[in-house]
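Residue numbering for the sequence shown follows the working numbering, starting at 5 and increasing by one per position. Inspection log for the structure reproduced underneath, given as structure tokens.
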Amino acid sequence: MADENAQLTVKSIANVNIRMYGFMENDLINDSTQGLTEELDNPIIQKDANTNGSPNYAANHHQTIMSVRNSRLGFDVTFPKTEGGLQTEGIFELDALGNTNGYSAQRDVYNNATIRVRHMYANITYDDWNAKIGQTWSLLGWQPYYFPSEAIVQPAVGQLYRRFAQVRLMNTQQLLNGDWTLETAIDAARPAELQSGLTTEHAGIRFASTKLKAVSGLGSSTPMVGLSLAASGELIPIRTSGVALSGSTPDATPNATGKVVALDTLIPIIPSSDGKSTSNTLGLTAEYSNGTGYGGLELAGATGGIGSVTDGSTTAGSITGVGAIDSGMAGVNHGNLELIHYQTYRGNLTYVWPGSHFANSAGYAATETMNLADFNGVTTGGILKYQYYYGNVMYMPLSWLRFALEWAQIRDTYNDPVNRYGTDNRIQFTTYLTF
């Protein structure tokens with residue numbers, strides 16, 4: 005086979021290189037309960053019985069999904085380096101997991117999938133400095149370095165996973181003769197709530213080896229990440245205008261601001277022989293986060309079963325004058341706006357067998373709602389804890405073709421002494437054709 009690059013000429017600028025990349029993915033998924041989609045998030049799992057004690061149909065019947073919506077297409081546009089050393093790159097990446105706009109017909113969701121933007125940003129580098137301007141990964145959790153190795157359509161329970169429009173500035177220093185790097189970064193990202201009037205702020209620091217590496221985030225690709233420890237934080241202004249409670253009593257703390265910290269690590273238990281080969285490598289990734297106001301924002305789907313704050317008068321879950329606030333960030337505590345407090349932790353082991361054609365990974369993750377008891381309107385529907393267990397095997401006969409089989413269990417612990425758990429068992433078979 006001829007190994008020749010396809011060429012696309014941009015006439016207005018000389019020496020521009022355009023690289024097309026992506027993959028075609030087909031997911032065959034069977035769940036032991038009903039109501040889930042390909043993307044797990046932090047989901048509401050059906051309980052065995054309804055509130056009146058009758059059997060819950062959705063909790064006791066399977067469903068099967070076959071979908072290509074997680075397929076991906078991207079373009080990497082590299083511009084010529086200037087004489088002064090400035091490097092410029094543009095990334096434009098799409099998938100078909102877009103917003104369904106409320107349509108419930110399955111033929112529309114799965115057969116006529118909606119295209120959405122994943123990444124669209126300018127990547128500008130000069131010497132030790134880098135700027136990213138546009139939509140890309142959140143800095144919280146140093147995404148995507150520490151993603152777990154899974155076949156499922158990420159994210160899953162307890163995983164920091166989001167992309168935002170942002171302006172990020174990062175500095176990278178080479179240490180110890182280039183064997184280690186120290187990265188520091190700050191950004192201003194899309195406001196979590198437009199009415200807040202302020203951007204969301206992130207900051208992070210990461211210390212990483214350039215020599216000791218193992219696989220992280222094995223899925224459609226096989227990224228290698230060095231032995232590293234990373235810390236990051238986020239400030240999330242939820243509202244900065246005056247908030248009036250039901251009864252027109254001014255809120256004593258109208259300027260609610262979420263605060264989150266995250267710690268991430270990758271440990272190459274069996275490191276790569278040369279920092280490039282994945283053969284016979286074993287890596288551990290782990291993540292911990294703790295904070296308020298980041299459910300539904302950085303933790304997809306996490307609400308704790310707490311209803312969204314809406315604009316109203318005296319009904320539960322509403323506060324006069326606030327407008328709607330996205331789910332998962334805040335709730336109503338006896339008429340007061342209160343941010344939801346979460347704690348997450350997860351770990352993943354990935355082993356690539358000698359020859360790099362087979363790999364196994366397994367892991368555990370959890371999201372805990374720390375202040376569920378504060379929200380008086382939440383009873384048996386409140387979720388104290390989301391848990392997630394999984395294991396998989398991946399076969400990679402060719403560099404561009406791979407197959408994965410995964411089992412996962414998702415278990416929600418409800419604030420319900422009679423019907424306490426909702427459990428789903430998922431089996432997924434995925435095919436990737438990467439280019």
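Glycine included, every Cβ here is placed at the ideal spot set by N, Cα and C.
With 16 or more other Cβ atoms from the protein chains shown falling within 10 Å of its own Cβ, residue 285 counts as buried. Annotation: the continuous beta strand (DSSP E) that includes residue 265 extends over 261 to 274. The beta-carbon separation of residue 17 and residue 83, rounded to 7 Å, stays under the 8 Å limit for a contact. At the C-beta level, residue 170 and residue 192 come within 8 Å of one another. Counting every other CB atom within 10 Å of its CB across the protein chains shown gives residue 37 a total of 16 or more, marking it as buried. Contact annotation: residue 97 and residue 76 have beta-carbon atoms nearer than 8 Å. Leaving aside the five residues that flank residue 372 on each side, the residues in its chain whose CB is nearer than 6 Å to its CB run, in chain order, 347, 389. Secondary structure of residue 64 (DSSP, three-state): helix. Pairwise C-beta distances place the stretch 420 to 435 in contact with the stretch 28 to 36, as three or more of them are shorter than 8 Å. Of all alpha-carbon atoms in 144, 227, 360, 354, the one lying nearest the alpha-carbon of residue 366 is that of 354. When DSSP states are grouped into helix, strand and coil, residue 172 belongs to the strand group. In the displayed model, residue 429 falls within a strand according to three-state DSSP. In the DSSP assignment, residue 411 falls within the unbroken beta strand (DSSP E) covering 405 to 418.
The alpha-carbon of residue 189 is positioned some 48 Å away from that of residue 64.
Between the stretch 307 to 314 and the stretch 168 to 184 there are fewer than three inter-stretch CB-CB distances shorter than 8 Å, so the stretches are not counted as touching. DSSP places residue 114 in the helix class (H, G or I) of the three-state scheme.
Taken through DSSP and simplified to helix, strand or coil, residue 131 comes out as coil. For the 8 Å CB-CB criterion, residue 179 and residue 236 do not form a contact.
Short of 6 Å from the beta carbon of residue 231, and not among the five residues preceding or following it, lie these beta carbons of its own chain, in chain order: 213, 216, 272.
Cβ atoms of residue 369 and residue 182 stay farther apart than 8 Å, at about 34 Å.
When Cβ pairs closer than 8 Å are counted between the two stretches, the stretch 279 to 298 is seen to touch the stretch 338 to 352, the count reaching three or more. The three-state secondary structure of residue 286, taken from DSSP, is strand.
Assigned with DSSP and collapsed to three states, residue 200 falls in helix.
Less than 8 Å divides the Cβ of residue 242 from the Cβ of residue 333. Taking a contact to require three or more Cβ pairs closer than 8 Å, the stretch 373 to 387 and the stretch 415 to 425 qualify as touching. Residue 218 places its beta carbon less than 8 Å from that of residue 276.
Counting along the chain, residue 220 sits inside no beta strand (DSSP E), nor does DSSP assign it H or E at all. The DSSP-derived three-state label of residue 231 is strand.
Excluding five sequence positions before and after residue 378, the CB atoms of its chain that fall closer than 7 Å to its own CB belong to 337, 342, given in chain order. Rounded to whole angstroms, the separation of the alpha carbons of residue 361 and residue 401 is 6 Å. Distances from the alpha-carbon of residue 391 to those of 44, 21, 109, 39 put 44 closest.
DSSP links residue 241 through a beta bridge to 261. In the assembly as shown, residue 90 is an exposed residue. Its beta-carbon has fewer than 16 other beta-carbons within 10 Å. Looking from the CA of residue 376, the closest CA among 359, 299, 27 belongs to 299. If you compare the alpha carbons of 209, 187, 282, 274 with that of residue 228, the shortest gap goes to 282.
Within the stretch 320 to 379, the complete beta strand (DSSP E) runs of at least 3 residues fall at 334 to 337, 340 to 343, 345 to 356, 362 to 373.
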